[in-house]
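First the structure, in the form of structure tokens, and then the observations on it.
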Amino acid sequence: MDKLILLIHPTTGALAILSTVWIFVEALNASARNRARLLWASIFGAVMMTVTAIAGGYWYVTYYVADKATILAGPWPIAHTLVMEAKEHIFFITLILSFLLPFIISREDLAVNRGARILVLVTSALVILSAFAIEGAGAFIAMAVRISL
Amino acid sequence: MNNLSAKTAGYTIAAIIAIIANTLLVIAKETNPALLAAMKSIAHHWVVQSVVIVLLFFLLGLILSKWPAMRHFNGTFLALVLTLATVVAGIGIVGFFFFA
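Those sequence lines, one after another, are chains A and B.
The first sequence maps to residues 66 to 214 in the numbering used here.
The second sequence maps to residues 10 to 109 in the numbering used here.
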């Protein structure tokens with residue numbers, strides 16, 4: 066069960082990144098025709114990020130304690146003291162930015178409002194960059210556990 | 010046309026405040042054992058922090074979006090402030106754990 070939960074959260078995180086890349090591209094070409102697609106992509110991204118928070122959070126508070134002890138005893142203790150500690154808290158920034166996108170897209174016409182379009186482009190870019198950094202941090206932590214065994 | 014609706018501006022400012030508050034709460038709980046113990050007495054400190062930050066975003070957004078002055082905010086300006094807040098908050102968390 067713990068392995069399944071461990072696999073779910075990076076998968077749903079990757080789906081959230083994909084849908085946010087989709088938002089970014091649709092916002093670059095915003096028109097009346099893609100307004101519904103933008104809204105659905107933003108809702109899907111926020112839902113996937115929420116599933117990531119629940120699955121990742123459940124794994125972190127339930128199972129991570131054993132991996133933490135392994136990492137701290139191994140050659141890469143920084144994987145916990147810096148990378149995991151930063152990852153677990155920076156994730157909230159990504160989560161809030163994902164929640165913000167549907168609010169902007171549902172209320173603004175991106176085809177005519179340049180400011181709203183820039184806000185969506187910037188918010189989605191921040192979600193993509195921070196989520197990729199978090200995925201990379203997860204890979205680093207997994208490697209630290211592996212070399213510590 | 011660059012100005013945002015009150016709802017968009019309200020929730021964007023709520024996101025900016027929640028992002029900064031998240032970093033401040035990390036520093037506060039890691040430097041104040043009493044606060045960390047209080048959070049742990051409720052549930053795991055990560056769970057408590059997640060509930061606090063998400064509730065802060067939604068409640069502040071709800072309150073701010075009803076404020077008519079929110080209609081005067083420009084999307085480009087809020088995009089700039091949101092970027093600055095995200096970068097500063099992210100560097101703040103990484104920097105704190107790097108030097109801790």
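Ideal Cβ placement from N, Cα and C applies to all residues, glycine included.
Please read all numbers here as calculations on a predicted model, not as lab measurements.
{"Check": "Looking at residue 107 of chain A and the ligand ATP, is the gap between the Cβ and the nearest heavy atom below 7 Å?", "Outcome": "No copy of the ligand ATP appears in this structure; indeed no ligand is present at all."}
{"Check": "Have a look at residue 107 of chain B and residue 149 of chain A and give me their C-alpha separation to the nearest angstrom.", "Outcome": "12 Å"}
{"Check": "Which residue marks the beginning of the alpha helix (DSSP H) containing residue 152 of chain A, and which one marks its end?", "Outcome": "150-172"}
{"Check": "Are the region 83-100 of chain B and the region 36-52 of chain B touching by the rule of at least three beta carbon pairs closer than 8 Å?", "Outcome": "no"}
{"Check": "Residues in its own chain within less than 7 Å of residue 176 of chain A by CB, not counting five upstream and five downstream?", "Outcome": "95, 96 and 97"}
{"Check": "Roughly how many whole angstroms lie between the Cα atoms of residue 191 of chain A and residue 183 of chain A?", "Outcome": "12 Å"}
{"Check": "Just curious, the alpha helix (DSSP H) that residue 125 of chain A is in, first and last residue?", "Outcome": "100-127"}
{"Check": "Would you grab the beta carbon distance between residue 156 of chain A and residue 20 of chain B for me? Rounded to a whole angstrom, and I think it's under 8 Å.", "Outcome": "With 8 Å as the limit, residue 156 of chain A and residue 20 of chain B do not qualify as a contact, their Cβ atoms being about 19 Å apart."}
{"Check": "To be precise: take each residue of the region 109-121 of chain A, compare its Cβ to all Cβ atoms of chain B, and keep it if any distance is under 9 Å. Which residues remain?", "Outcome": "118"}
{"Check": "Are residue 180 of chain A and residue 84 of chain B touching if we call contact CB-CB under 8 Å?", "Outcome": "yes"}
{"Check": "Nearest to residue 97 of chain B by alpha carbon, out of B:40, B:81 and B:33?", "Outcome": "B:33"}
{"Check": "From A:77, A:72, A:84 and A:69, pick the residue whose C-alpha is nearest to that of residue 166 of chain A; which is it?", "Outcome": "A:84"}
{"Check": "Taking C-beta pairs closer than 9 Å, name the residues in chain A that residue 102 of chain B reaches, listed in chain order.", "Outcome": "150, 151, 154, 155 and 158"}
{"Check": "DSSP on residue 41 of chain B, reduced to helix/strand/coil?", "Outcome": "coil"}
{"Check": "Can you name the residues of chain A whose CB is closer than 7 Å to the CB of residue 35 of chain B?", "Outcome": "154"}
{"Check": "Comparing the C-beta of residue 83 of chain A with each C-beta of chain B, is any distance below 8 Å?", "Outcome": "no"}
{"Check": "Is it true that the region 138-149 of chain A meets the region 104-120 of chain A, where meeting means three or more beta-carbon pairs spaced less than 8 Å apart?", "Outcome": "no"}
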